[in-house]
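Numbering (the numbering used here), first residue to last: 61 to 193. In what follows, a single structure is set out as structure tokens and then discussed.
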């Protein structure tokens, strides 16, 4: 299955001291419905066409809230690149977390996206983490 982690959970698996509120996944267009089937027992919002920056969107709760988008298109990076768009997808990085290899967007894109969203506390955590490298 083609997927990757974004949002606060992507920061947490890198080691940024942040408590994720949910798991945000980006999946391929072809796998969006499959994710809904796999998470059927906790499905809150069935996978549905989004006609937004993505083709599909769904939500489930199984001990944690899991939201996913499938078939992300170029509008996700308009007017600027995001940490869930095609620019991020082309620059994914591998991180190890609890013996799992996970793909996450570049920290620089996560910082830029957080700044644009006004998440200054998150920007500060990213800066502190980056300074410790």
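Positions of the beta carbon are idealized from the N, C-alpha and C atoms, including for glycine.
Check	Outcome
On the three-state DSSP scale, how would you describe residue 81?	coil
Just checking my contact of residue 147 with residue 137 at CB under 8 Å: how many whole Å lie between their CB atoms?	5 Å
Here's the rule I'm using: 16 or more other beta-carbon atoms within 10 Å means buried, otherwise exposed. How should residue 66 be labelled?	buried
Is the beta carbon of residue 118 less than 8 Å from the beta carbon of residue 92?	yes
For a minimum of 3 consecutive residues, which ranges assigned as the beta strand (DSSP E) are wholly contained in the stretch 113-174?	116-121, 125-130, 153-157, 160-164
Any idea if residue 120 is buried or exposed, counting beta-carbon neighbours within 10 angstroms, 16 or more meaning buried?	buried
Kindly identify the DSSP beta-bridge partner or partners of residue 105.	119
Are the Cβ atoms of residue 126 and residue 85 separated by less than 8 Å?	yes
Using CA atoms only, rank isn't needed, just tell me which of 61, 72, 113, 74 is closest to residue 141.	113
What's the C-alpha gap between residue 76 and residue 186?	7 Å
What whole-angstrom Cβ distance do residue 74 and residue 183 have, given they're in contact under 8 Å?	Actually they do not touch by this definition, with Cβ atoms about 15 Å apart.
Can you give me the start and stop residues for the beta strand (DSSP E) that residue 65 sits inside?	63-66
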